[in-house]
């Protein structure tokens, strides 16, 4: 006979309720609050990462444009230093034509310079052959810039082996747009003539709330500097190549992408002055 006391039903239900309370999870309100907090935190993190990516992209394109500009200035500086070599004084008159500068063996140096064009001759790679090099401004359609053109523009470099004849005639306008030409600098916005006149910068920039501005007005301060300027020993600007002893090169560029804060393409300015070695 089992003498153990029978368990009262109330004790059984109390144990069940106690077990249920111990296993209790989040309430609906607690879950909603948790989800809301996690959403806010996650949204903040995503926004911050997105902003960092935009800033990184802006800085990356600034570096790319700066490097492109520096490479252009470094190359043209070396070429100007080397222009005019071999000099006509290195040859006897019996080896040269009546006009020594016309001979294919002679680098005439700086041949001509203007606001949108510079032409030089020299043995630029020390291979014993004189090269003609011309830098020319192209407009936003890819044509050689004229007074009716618009920017942003491109500086085009053209090189050919020198031909016998008057210096500056080897490279023609057709060559500038042909297979011997290479774009060396894009998004150039300065095209001044030294008197405050410059080409129009095409396009517009859209700001917040639908407000916009023409690029010509937005970047007006960057339009007017001359790209190529020759100077005499006295520091006077000149286009007389017989008197020019140094050349200043100034370029204002637009970056490829808009700044995430201002929605503008950031302008960059690069400038150098090159002293001519051979003249």
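In this note's numbering, the protein residues as written are 1 to 279.
The C-beta atom is built at its ideal place from N, Cα and C for all residues, glycine as well.
Three-state class that DSSP yields for residue 167 in the structure shown: coil
Supposed close pair residue 191, residue 157 - CB separation, criterion 8 angstroms: With a beta-carbon spacing of about 17 angstroms, residue 191 and residue 157 fall beyond the 8 angstroms limit used to define contacts.
Taking only three categories from DSSP, how would you classify residue 103? coil
Could you tell me which residues DSSP puts in a beta bridge with residue 206? 212
For the 8 angstroms Cβ check, are there 3 or more pairs between the stretch 205-221 and the stretch 81-88? no
Out of 54, 176 and 119, which has the shortest C-alpha to C-alpha gap to residue 262? The candidate whose alpha carbon is nearest that of residue 262 is 54.
Below 6 angstroms CB to CB, which residues in the same chain sit around residue 194 once its five sequence neighbours on both sides are set aside? 226
Does DSSP classify residue 94 as helix, strand or coil? helix
For residue 119, which residues in the same chain have their Cβ closer than 6 angstroms to its Cβ, ignoring the five residues on either side in sequence? 111, 112, 134 and 168
Taking Cβ positions, are residue 237 and residue 229 nearer each other than 8 angstroms? Between residue 237 and residue 229, the C-beta gap is smaller than 8 angstroms, which places the two residues in contact.
In the DSSP assignment, find the unbroken beta strand (DSSP E) run with residue 130 in it and report its ends. Counting along the chain, residue 130 falls outside any beta strand (DSSP E), and DSSP gives it neither H nor E.
Exposed or buried, which one is residue 149 when buried takes at least 16 other CB atoms within 10 Å? buried
Which residue marks the beginning of the alpha helix (DSSP H) containing residue 176, and which one marks its end? 173-176
Is the CB-CB distance between residue 109 and residue 128 below 8 angstroms? no
In this structure, how does DSSP classify residue 118 when only helix, strand and coil are distinguished? Of the three classes helix, strand and coil, the one that applies to residue 118 here is strand, per DSSP.
Residue from 196, 251, 106 and 57 with nearest C-alpha to residue 90: 106
For the beta strand (DSSP E) containing residue 249, list its first residue and its last residue. 246-258
In whole angstroms, what separates the C-alpha of residue 214 from that of residue 166? 44 angstroms
Round the Cβ separation of residue 147 and residue 139 to the nearest angstrom and send it over; I've been treating them as touching at under 8 angstroms. Actually they do not touch by this definition, with Cβ atoms about 10 angstroms apart.
When you compare only the Cα positions, how much space is there between residue 125 and residue 153? 28 angstroms
Once you ignore the five residues that flank residue 281 on each side, which residues in its own chain have a CB closer than 6 angstroms to its CB? Within the shown structure, residues of the chain are numbered from 1 to 279, placing residue 281 beyond reach of any answer.
Measure the alpha-carbon distance for residue 72 versus residue 184 and round it to whole angstroms. 6 angstroms
Looking only at its chain, what residues have a beta carbon closer than 8 angstroms to the beta carbon of residue 245, apart from the 5 residues adjacent to it on each side? Here the set comprises 231, 232, 233, 275, 276 and 279.
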